[in-house]
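**Student:** Numbering of the sequence shown is given in the numbering used here, commencing with residue 192 and proceeding in unit increments. Dropping the structure in here first, questions after.
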Amino acid sequence: MVKTEPHRRDQGPEVVVGLDIGTTKVCALVAQQQQTGELHVLGIGTAPSEGLNRGVVVNIEKTVASIAQAIEQAEQRSGIRIERVTVGISGDHIRAQQTRSVIAISNPNREISAADVARLLEDARSVALPPDQVILHLIPQEYIVDGQDGITDPVGMSGVRMEARVCVITALVTAVQNLYRCVERVGLQIEHLVLQPLASSYAVLEPEEKEVGVALVDIGGGTTDIAIFDEGVVRYTAVFGIAGRQITDDIRRGLGIITAQAEEIKRTYGHAVQESILHDEVFPIPGIGGRKPMEISKSLLCQIIQPRVEEILEFVLAEIHRAGYLHRLPAGVVLTGGTALLRGIDELAQRLFQLPVKIGFPSARGGLAAEVAHPMYATAVGLVLFGLEQRRRQPKAPKRSLLQRLKAFFEEF
Ligand SMILES: Nc1ncnc2c1ncn2[C@@H]1O[C@H](COP(=O)(O)OP(=O)(O)OP(=O)(O)O)[C@@H](O)[C@H]1O
Ligand SMILES: [Mg+2]
C-alpha cells in the first residue's frame, strides 16, 4: 500500500477506523467524534471479500488483498493515512461461558476502587479454558460485596470481599492469529478486537432497549450473530454459520443459474413471506450457455427463499430460548446485517418469535453519513463507536521522560 502520499495526513488520536472483515465484503470506516458527541464519517472503503468462510479467514492472500483494497479506498476518500484499526471477529468457534472471580479489598478504609474492580476482572482470566481458545471479552454480569448480590457498580461501596459473575467470551486461537496476520500484512496495527454482534449493538441499539431487554440479530452473508442485552448488560452471545449466502445458494441450485444472477434476483425480487406478496409478477432470467431465457414468478422464488429464512430464524429462536429470554425481551428483536434487507424478513420473524421486530439502521453525521445508514454497515459503525468509547475510558498516557520511555522500551523486550 502507498504510505507516502503527500496529501494524506496522519491518523491523529481523534480519528478511529473500524475494519469489518465480513464473509461477503470488507469495510473500512474512518470517523471521528464531533463536539456534540455525534459520529462524523470522514471516509469509507469497501471491497468484495473472498478469503473468508462462515466468518473465518480461510485464505490469507485473498483476505489481505480485500483489506488492502478497502483501506486504500478509505484513505483516498478521507485523506487520512490509516495506521490503527478496530477489528471485528465472528465465526462459530466463538464460545461464551460463565465464571466467578473473587478478591479481598486491599484499601485500609475498605472502600472499593476502580482498580479493585479491574483486579477482580483480571482474576476471571484464570478461568479454565480449552487450550485452543483465547479470551476476547470479560463482561461482568453482577457484583457481590460481602454476600450482597445484584450490585451493578460497586465503586465507592465499602466491603472486605468482592465477587463477580463474569461472562467470558473466547475465540479459537488460530482464527485470531489469522486475522492479526492479515491486518498486519497490510501494515496496520489492531487497536481492539471486538466480537461482531457486540460491535453492531453499539450502532443500532438504544440504551433503553438494552435496559429493558432486547436481542440483536446480525444476519450477514456467512454468519448469523446474536447478542442479548438485559439491564444494560450483554447477557448472552451466539454465532452460527447459516446466513445470506445459503439463501443465494438455494436460489442458484433451485433455478440452475450462476451465483451472481441468484444474488441479483434475491435482492431485486426476493421475499421472505408468501402471503404478503401483493403483486405477483413474472421476471425473466437470461439463459446460460446459449439456453433460452426462463420466466420465474416472485412467488416461486419465495418458495425457495422462505424455508431457508425460517431455518435461520428458528436457530435464532432456539438461542433466545437457550439463553432463557424467550418471554423476557420487551424491546423484542433488532435485525441487522445485509440479510435484514430481504423483504418480509421482519414480518416472518415477528410471526415466528411472537415479539416486536425492527430493522436496525446505524446512524451517523457528515458528508458520507447516508452511505453508512444501512444494516450492512452496522458492524463497521459499531466498531468505530467501540473504539471511541475505549478512548474515552482510557485517559491519555502521561508524558514520560526519556529515561522512562527507554526503560519501558527495554521492558517490552
Ligand atoms: N436487499 C437485499 N435483500 C436480500 N439480501 C440482501 C440484500 N442486500 C444484501 N443482502 C445480503 O446480505 C448479505 C451480506 O450482508 P453483510 O454485508 O452484512 O455480510 P458480511 O458482513 O459480509 O458477512 P458476515 O458478517 O456474515 O461475515 C449477502 O448475503 C447479501 O446477499
Ligand atoms: Mg458482517
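Glycine included, every Cβ here is placed at the ideal spot set by N, Cα and C.
Classify Ala514 as helix, strand or coil using the three-state DSSP reduction.
**Tutor:** As a position in the sequence shown, residue 514 is number 323, starting the count at 1. In the structure shown, Ala514 sits in coil (DSSP, three-state: anything other than H, G, I, E or B).
**Student:** Excluding the five sequence neighbours on either side, which residues of its own chain have a C-beta within less than 7 Å of the C-beta of Val524, listed in chain order?
**Tutor:** Mapped onto the sequence shown, residue 524 falls at position 333. Within the same chain, Val524 has close Cβ partners Ala406, Val408, Ala540, Phe544, Leu546 and Val548.
**Student:** Leaving out the 5 sequence neighbours to the left and right, which residues in its chain are closer than 8 Å to Arg426 when beta-carbon positions are compared?
**Tutor:** The residue given as residue 426 occupies position 235 in the sequence shown. The answer, listed in chain order, is Gln332, Cys358, Ile419, Phe420, Ala514 and Tyr516.
**Student:** What's the C-alpha gap between Arg301 and Leu233?
**Tutor:** Taking the sequence shown and counting its residues from 1, one reaches residue 301 at position 110. Taking the sequence shown and counting its residues from 1, one reaches residue 233 at position 42. Their Cα atoms are separated by approximately 47 Å.
**Student:** Roughly how many whole angstroms lie between the Cα atoms of Ile479 and Leu574?
**Tutor:** Taking the first residue of the sequence shown as position 1, residue 479 is located at position 288. Taking the first residue of the sequence shown as position 1, residue 574 is located at position 383. Cα to Cα, Ile479 sits roughly 41 Å from Leu574.
**Student:** For the 8 Å Cβ check, are there 3 or more pairs between the region 370-377 and the region 336-343?
**Tutor:** no
**Student:** Please indicate yes or no: does the CB of Pro553 lie closer than 8 Å to some heavy atom of ligand 1?
**Tutor:** Against the sequence shown, residue 553 aligns to sequence position 362. No, the beta carbon of Pro553 sits no closer than 8 Å to any heavy atom of ligand 1.
**Student:** Going along the chain, which residues of its own chain have a beta-carbon closer than 6 Å to the beta-carbon of Ser488, five neighbours each way excluded?
**Tutor:** Here residue 488 refers to the residue found at position 297 of the sequence shown. So the list reads Asp471 and Val473, once near-sequence residues are dropped.
**Student:** Where in the region 311-392 do unbroken runs of the beta strand (DSSP E), each at least 3 residues long, occur, reported from the N-terminal end onward?
**Tutor:** 324-336, 339-342, 352-363 and 380-386
**Student:** Measuring CB atoms only, is the region 392-403 touching the region 261-278, in the sense that at least three cross pairs come out at less than 8 Å?
**Tutor:** no
**Student:** Since Arg214 and Arg436 are thought to touch, with beta carbons under 8 Å apart, how far apart are those beta carbons, to the nearest angstrom?
**Tutor:** Within the sequence shown, the letter at position 23 stands for residue 214. Within the sequence shown, the letter at position 245 stands for residue 436. The sequence shown places Thr at residue 214, not Arg. With a Cβ gap of about 7 Å, Thr214 and Arg436 count as contacting.
**Student:** Output the boundary residues of the alpha helix (DSSP H) element that contains Val572.
**Tutor:** Locating residue 572 in the sequence shown gives position 381, where the first residue counts as 1. Unbroken alpha helix (DSSP H) run through Val572: Ala569 to Arg584.
**Student:** Are the Cβ atoms of Ile433 and Ile536 separated by less than 9 Å?
**Tutor:** Within the sequence shown, the letter at position 242 stands for residue 433. Within the sequence shown, the letter at position 345 stands for residue 536. It is not a contact, given that the beta carbons lie outside the stated cut-off.
**Student:** Judging by CA-CA distance, which residue of Gly350, Lys216, Val293 and Arg245 is the nearest neighbour of Ala309?
**Tutor:** Taking the sequence shown and counting its residues from 1, the one referred to as residue 309 is at position 118. Per the Cα distances, Val293.
**Student:** Considering only residues of the region 515-554, which uninterrupted alpha helix (DSSP H) runs meet the minimum length of 4 residues and lie entirely inside it, listed in chain order?
**Tutor:** 536-544
**Student:** Grouping DSSP H, G and I as helix and E and B as strand, with all else coil, what is Val500?
**Tutor:** In the sequence shown, counting from the first residue as 1, residue 500 sits at position 309. DSSP places Val500 in helix when its eight states are reduced to three.
**Student:** Please identify the residue among Gly423, Ala429 and Gln380 whose C-alpha is closest to the C-alpha of Lys401.
**Tutor:** Taking the sequence shown and counting its residues from 1, one reaches residue 401 at position 210. That would be Gly423, whose Cα lies nearest to the Cα of Lys401.
**Student:** Quick one: using the 10 Å Cβ neighbour count with 16 as the cut-off for buried, is Gln202 buried or exposed?
**Tutor:** Here the question's residue 202 lines up with position 11 in the sequence shown. Its Cβ being crowded by 16 or more others within 10 Å, Gln202 is buried.
**Student:** Please classify His518 as buried or exposed, where buried requires at least 16 neighbouring CB atoms within 10 angstroms.
**Tutor:** Start at 1 with the first residue of the sequence shown, and residue 518 comes out as number 327. His518 should be labelled exposed.
**Student:** Sorted by chain position, which residues of the same chain lie with C-beta nearer than 8 Å to Phe601's C-beta, five sequence neighbours on each side aside?
**Tutor:** Counted from its first residue, the sequence shown places residue 601 at position 410. Bear in mind that the predicted position of Phe601 carries a pLDDT of just 38, short of 50, making it unreliable; the figure below should be weighed with that in mind. Taken in chain order, the list of residues that qualify is empty.
**Student:** From the DSSP output, which residues share a beta bridge with Cys218?
**Tutor:** Counting from 1 along the sequence shown, the entry for residue 218 is found at position 27. DSSP, once it has assigned bridges, lists Asp211 and Thr237 as partnering Cys218.
**Student:** At the level of alpha carbons, what is the spacing between Gln497 and Glu455?
**Tutor:** Working through the sequence shown from its first residue, we reach residue 497 at position 306. Working through the sequence shown from its first residue, we reach residue 455 at position 264. Distance between the alpha carbons of Gln497 and Glu455 is about 17 Å.
**Student:** Using C-beta distances below 6 Å, list every residue in its chain close to Gln585, excluding the 5 sequence neighbours before and after it, in chain order.
**Tutor:** The sequence position of residue 585 within the sequence shown is 394, counting from 1. The answer is none, since no qualifying residue turns up.
**Student:** Starting from Pro566, trace the alpha helix (DSSP H) both ways and give me its first and last residue.
**Tutor:** Looking up residue 566 in the sequence shown gives position 375. Unbroken run through Pro566: none, as it is neither H nor E.
**Student:** By Cβ distance, which residues of its chain are closer than 8 Å to Leu597, with the 5 residues on each side in sequence left out?
**Tutor:** Position 406 of the sequence shown, counted from the start, is the residue given in the question as residue 597. Residue placement at Leu597 is poorly supported in this model, since its pLDDT is 41, which falls under 50; the coordinates still yield a value, given next. Excluding sequence neighbours, Leu597 sits near nothing in its chain.
**Student:** Any idea what DSSP makes of Ala309, helix, strand or coil?
**Tutor:** On the sequence shown, residue 309 is found 118 positions in, with the first residue counted as 1. Note: Ala309 maps to helix in three-state DSSP.
**Student:** With a CB to CB cut of under 7 Å and the five nearest residues on each side skipped, what residues in its chain are close to Val351?
**Tutor:** One-based indexing of the sequence shown puts residue 351 at position 160. So the list reads Ala295, Ile296, Arg301 and Asp337, once near-sequence residues are dropped.
**Student:** Closer than 8 Å is the cut-off here; do at least three beta carbon pairs connect the region 221-236 with the region 380-389?
**Tutor:** no
**Student:** In the DSSP assignment, what residue or residues form a beta bridge with Tyr427?
**Tutor:** As a position in the sequence shown, residue 427 is number 236, starting the count at 1. Paired residues: Ile419.
**Student:** DSSP three-state call for Lys590: helix, strand or coil?
**Tutor:** Counting from one through the sequence shown, the residue named residue 590 turns up at place 399. Low confidence applies here, because Lys590 scores a pLDDT of 45, under 50, leaving its location unreliable; read the following figure in that light. Correct three-state label for Lys590: coil.
**Student:** Sorry if obvious, but does the Cβ on Ser281 come closer than 8 Å to a heavy atom of ligand 1?
**Tutor:** On the sequence shown, residue 281 is found 90 positions in, with the first residue counted as 1. Indeed, a heavy atom of ligand 1 lies less than 8 Å from the Cβ.
**Student:** Return helix, strand or coil for Glu397, following the three-state DSSP convention.
**Tutor:** As a first step, residue 397 is located in the sequence shown; it is residue number 206 there, counting from the start. Coil at Glu397, not helix or strand.
**Student:** Could you check if Gly209 belongs to the surroundings of ligand 2, using beta carbon to heavy atom distance under 8 Å?
**Tutor:** One-based indexing of the sequence shown puts residue 209 at position 18. Not under cutoff, so the answer is no.
**Student:** If you draw a straight line from the alpha carbon of His462 to that of His383, how long is it in whole angstroms?
**Tutor:** Against the sequence shown, residue 462 aligns to sequence position 271. Against the sequence shown, residue 383 aligns to sequence position 192. Distance between the alpha carbons of His462 and His383: 37 Å.
**Student:** Apply the 10 Å Cβ neighbour rule to Ala362 and answer buried if 16 or more other Cβ atoms are within range, or exposed otherwise.
**Tutor:** Counting from one through the sequence shown, the residue named residue 362 turns up at place 171. Per the 10 Å Cβ criterion, buried.
**Student:** Output needed for Leu379: all residues of its chain with C-beta closer than 6 Å, excluding positions within five of it in sequence on either side, in chain order.
**Tutor:** Looking up residue 379 in the sequence shown gives position 188. For Leu379, where only same-chain residues beyond five positions count, the Cβ hits under 6 Å are Val276.
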